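Quick note, the sequence shown lines up with residues 817 to 946 if you use my numbering.
Where is the CB? At the ideal position from N, CA and C, for every residue including glycine.
None of these values were measured; they are calculated from a predicted model.
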Amino acid sequence: MPLVEAGYVVLDCLEPEKLAVFYKELLAAEETDATANRVEIRSADGIRLAFRRDGNATPPSWPRPENSLQVHLDFMVEDLDAVERKVVELGGRPLETKDAPGPFEERGYADPAGHSFTLRRVTPTAPKLG
């Protein structure tokens, strides 16, 4: 048995129950535990996220240039457009949906509490020409 086992990525927010619903729907996840101040979920592919109540939580302000990204989540998808529609339907918002530089197609979003995440196409595409 390893000395340390991977746990949860924990996002602080004002309303953990509401944020958990967003990610449960987006990831087709199930709730694994909930208390008055924390909700934990696990997706079918094993991603474990937790949402912790913090009465002083303020949304990250990225992508403003004076602030760093600090931490964000990357999700692999096959159809960027379809998942973008789902994100917006669930209350998320686009941050950067223009073509990203590099070999991968990806787009940046914020969840309803303002945490940033990236949707990245599973299959790398050929470099863009012109």
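Best match in K840, Y925, A836, P875 for proximity to D890 [C-alpha to C-alpha]:
Among K840, Y925, A836, P875, the Cα nearest to that of D890 belongs to Y925.
Look at V893 and V887 and say whether their C-beta atoms are less than 8 Å apart.
Against a cut-off of 8 Å, the Cβ pair of V887 and V893 comes out as no contact.
Which residues DSSP lists as bridging E922, in chain order:
R936
Residue from L830, A822, L843 with nearest C-alpha to G930:
Measuring from the Cα of G930, the nearest candidate turns out to be L830.
Please report the residue range of the beta strand (DSSP E) in which E912 lies.
909-912
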